[in-house]
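S.K.: Numbering (our numbering), first residue to last: 1012 to 1220. The structure follows.
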């Protein structure tokens, strides 16, 4: 009887590992397909599919309304936010790794949960998914959690439904979006900030230069 139980457990383990391996291969194939498209669109690094997800995430992280500007408004004084975001990614191999996997994962997660890509979700569902990614990230960074998990198996499993790499993108794209917004003149005007100090000082305390 014990031998039969062990055989059953071994069979289930092999099935699980095979499934996870297939999931990982499928994810890698999609990444490779996107890598072949880089530089062919209007952006230097992000593909059109990635740009759609990144733009939707950016407008969720720093939204605008009737009284408050958001990332969709930064193009008033310069290039659109997605161009600034693309410039950050193209200059950083670390960001390239995180963004490629994270943006694909947000689409994977949205497709599994709502049968459509992230950019096509309602604003309410985009916020829900971003919040869920934040919670997963916070769970991964908690020391007590890290002590309990088998990292390799959990990463592969969560790559399949989009949660792992989406959660790893969350803090990076959040910080990048805030950086882009608060270094743009749109936010300066909103905050009534006249820009960084001038290296030659001010010739007048009452007249801007």
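Backbone N, C-alpha and C define an ideal beta-carbon position, used for all residues, glycine too.
May I have the straight-line CA-CA distance separating residue 1201 from residue 1118, to the nearest angstrom?
M.R.: Against the chain shown, residue 1201 aligns to sequence position 190. Against the chain shown, residue 1118 aligns to sequence position 107. Each residue's Cα considered, the two are about 33 Å apart.
S.K.: Quick one: measure Cβ to Cβ for residue 1144 and residue 1108, integer angstroms, because I've assumed they're closer than 8 Å.
M.R.: Stepping through the chain shown from its first residue, residue 1144 is reached at position 133. Stepping through the chain shown from its first residue, residue 1108 is reached at position 97. Contact doesn't hold; Cβ gap of about 17 Å is too wide.
S.K.: Pairs of beta-carbons, one from the stretch 1070–1085 and one from the stretch 1112–1127, closer than 8 Å: are there three or more?
M.R.: Because the criterion of three Cβ pairs below 8 Å is not met, the stretch 1070–1085 and the stretch 1112–1127 do not touch.
S.K.: DSSP on residue 1158, reduced to helix/strand/coil?
M.R.: As a position in the chain shown, residue 1158 is number 147, starting the count at 1. Residue placement at residue 1158 is poorly supported in this model, since its pLDDT is 49, which falls under 50; the coordinates are not used for a value here.
S.K.: My output table needs one value for residue 1048: the three-state DSSP class, helix, strand or coil.
M.R.: Walking along the chain shown from the start, residue 1048 turns up at place 37. DSSP places residue 1048 in coil when its eight states are reduced to three.
S.K.: Check for me: the alpha helix (DSSP H) holding residue 1106 runs from which residue to which?
M.R.: In the chain shown, counting from the first residue as 1, residue 1106 sits at position 95. First-last of the alpha helix (DSSP H) with residue 1106: 1104–1125.
S.K.: Could you check what DSSP says for residue 1182 in three-state terms: helix, strand or coil?
M.R.: Mapped onto the chain shown, residue 1182 falls at position 171. Residue 1182 falls in the helix class under three-state DSSP.
S.K.: What span of residues does the alpha helix (DSSP H) with residue 1056 cover, start to end?
M.R.: On the chain shown, position 45 is the one that residue 1056 refers to. That residue, residue 1056, is in no alpha helix (DSSP H); it is neither H nor E in DSSP.
S.K.: Does the distance between the C-beta of residue 1101 and the nearest non-hydrogen atom of the ligand FAD fall short of 7 Å?
M.R.: Among the ligands in the structure shown, none appear at all, so the ligand FAD cannot be discussed.
S.K.: Give the straight-line distance between the Cα atoms of residue 1069 and residue 1139, rounded to the nearest whole angstrom.
M.R.: As a first step, residue 1069 must be located in the chain shown, where it is residue number 58. As a first step, residue 1139 must be located in the chain shown, where it is residue number 128. Each residue's alpha carbon lies about 14 Å from the other.
S.K.: By the three-class DSSP mapping on this structure, what secondary structure does residue 1128 have?
M.R.: Numbered from its first residue, the chain shown carries residue 1128 at position 117. If DSSP states are grouped into helix, strand and coil, residue 1128 belongs with coil.
S.K.: Give the single residue among 1194, 1146, 1078, 1094 whose Cα lies nearest to the Cα of residue 1055.
M.R.: Taking the first residue of the chain shown as position 1, residue 1055 is located at position 44. Residue 1094 is the option with its Cα nearest to residue 1055.
S.K.: Compare the beta carbon distance of residue 1188 and residue 1042 with 8 Å and say whether it is the shorter of the two.
M.R.: For this step, residue 1188 is matched to residue 177 along the chain shown. For this step, residue 1042 is matched to residue 31 along the chain shown. No.
S.K.: Between the beta-carbon of residue 1148 and the beta-carbon of residue 1067, is there less than 8 Å?
M.R.: For this step, residue 1148 is matched to residue 137 along the chain shown. For this step, residue 1067 is matched to residue 56 along the chain shown. No, these two residues do not count as a Cβ contact at 8 Å.
S.K.: Rounded to whole angstroms, what is the Cα-Cα separation between residue 1184 and residue 1085?
M.R.: Within the chain shown, the letter at position 173 stands for residue 1184. Within the chain shown, the letter at position 74 stands for residue 1085. Between residue 1184 and residue 1085, the C-alpha separation is close to 16 Å.
S.K.: Please check the pair residue 1080 and residue 1178, which I expect to be a contact at CB under 8 Å, by giving their CB distance rounded to whole angstroms.
M.R.: By 1-based counting over the chain shown, the position of residue 1080 is 69. By 1-based counting over the chain shown, the position of residue 1178 is 167. Not confirmed; about 28 Å, so no contact.
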